Amino acid sequence: MGRQRFAESETGLYKSVALINRCNRWAGTNWKAETVKFEKDNFGRLPEEARAVITITCVDGVQARFGVAEILKEISYRRHYQDEPKYWVDFGNSQHTGQVILSTIGEIKQPNSEKYETVASLPFVTDEFGELLKQSEQEDSTPSCSLAEALEHQDLFINSSLTQMGCSLLWNLFRRGMTEYKGFFHNLKDFRTHPIKVA
Numbered sequence: 004m005g006r007q008r009f010a011e012s013e014t015g016l017y018k019s020v021a022l023i024n025r026c027n028r029w030a031g032t033n034w035k036a037e038t039v040k041f042e043k044d045n046f047g048r049l050p051e052e053a054r055a056v057i058t059i060t061c062v063d064g065v066q067a068r069f070g071v072a073e074i075l076k077e078i079s080y081r082r083h084y085q086d087e088p089k090y091w092v093d094f095g096n097s098q099h100t101g102q103v104i105l106s107t108i109g110e111i112k113q114p115n116s117e118k119y120e121t122v123a124s125l126p127f128v129t130d131e132f133g134e135l136l137k138q139s140e141q142e143d144s145t146p147s148c149s150l151a152e153a154l155e156h157q158d159l160f161i162n163s164s165l166t167q168m169g170c171s172l173l174w175n176l177f178r179r180g181m182t183e184y185k186g187f188f189h190n191l192k193d194f195r196t197h198p199i200k201v202a
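For the sequence shown, our numbering gives the first residue as 4, with consecutive numbering after it.
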């Protein structure tokens, strides 16, 4: 129950490859798992993955998060004819708490609305909460691969609760074409969630 189960035939595969293979077999899709770091190559070129319309990150360290932000900022200054990057959704957590933050990659033109105050740009998590992120890294340590040790550092259900709520944020954006919230802070220990309004 504590760790995801993998078949013997999946031993040695990256988790991303094993899980995407399962999705493909179940749904008949032809998705590809990317097993490369999201970083510039030796020649300083941006990764092909940076052109995704939505980038979703769940990184272990604060430096990796700042690295992703740097690449997404750089890509926002370039012109794209297809697959123009629009959104970054960042998931992060400690033992009992976590956050999901939706950001825009550059400005996104909004329709005129008499009902809502539209917002064309949402700041990156690294810009809005950069100091908090740096503080959290000093207080937090990376979980072990051992289930018993990992549970000392990270509650069993923090990842799944953040995932469900973060995907709900995206689902509402897709379904309604808008969102009033750009994310939330979640505390599983005392069952509190604090939404973050767009405006």
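In this text, a Cβ means the ideal position worked out from N, Cα and C, and glycines have one as well. Keep in mind it's a predicted model, so treat the numbers as computed, not measured.
Closest by C-alpha distance to residue i, when choosing among the options
{"i": "residue 182", "options": "113, 64, 48", "result": "113"}
{"i": "residue 128", "options": "120, 64, 105, 36", "result": "105"}
{"i": "residue 187", "options": "198, 156, 11", "result": "198"}
{"i": "residue 202", "options": "191, 8, 185", "result": "185"}
{"i": "residue 119", "options": "59, 93, 180", "result": "180"}
{"i": "residue 7", "options": "159, 196, 189", "result": "159"}
{"i": "residue 44", "options": "175, 165, 70, 93", "result": "70"}
{"i": "residue 91", "options": "116, 126, 122, 117", "result": "126"}
{"i": "residue 95", "options": "175, 20, 87, 166", "result": "166"}
{"i": "residue 87", "options": "156, 13, 101, 111", "result": "111"}
Host alpha helix (DSSP H) of residue i (start-end)
{"i": "residue 69", "result": "65–79"}
{"i": "residue 169", "result": "161–179"}
Residue i, DSSP secondary structure in three states
{"i": "residue 102", "result": "strand"}
{"i": "residue 16", "result": "coil"}
{"i": "residue 4", "result": "With a pLDDT of 44 at residue 4, under the threshold of 50, the predicted position of this residue should be treated as unreliable, though the coordinate-derived value follows. DSSP places residue 4 in coil when its eight states are reduced to three."}
{"i": "residue 34", "result": "coil"}
{"i": "residue 121", "result": "coil"}
{"i": "residue 133", "result": "helix"}
{"i": "residue 45", "result": "coil"}
{"i": "residue 128", "result": "helix"}
{"i": "residue 54", "result": "helix"}
{"i": "residue 21", "result": "helix"}
Range of the contiguous beta strand (DSSP E) that encloses residue i
{"i": "residue 195", "result": "195–200"}
{"i": "residue 57", "result": "57–60"}
{"i": "residue 92", "result": "90–96"}
{"i": "residue 112", "result": "No beta strand (DSSP E) holds residue 112; DSSP gives it neither H nor E."}
{"i": "residue 185", "result": "184–190"}
Cβ separation of residue i and residue j, assumed to be a contact under 8 Å, to the nearest whole Å
{"i": "residue 89", "j": "residue 108", "result": "6 Å"}
Do the segment 39–56 and the segment 65–81 touch if we need at least three Cβ pairs shorter than 8 Å?
-> yes
Meets three-Cβ-pair contact criterion under 8 Å: the segment 130–137 and the segment 27–40 = no
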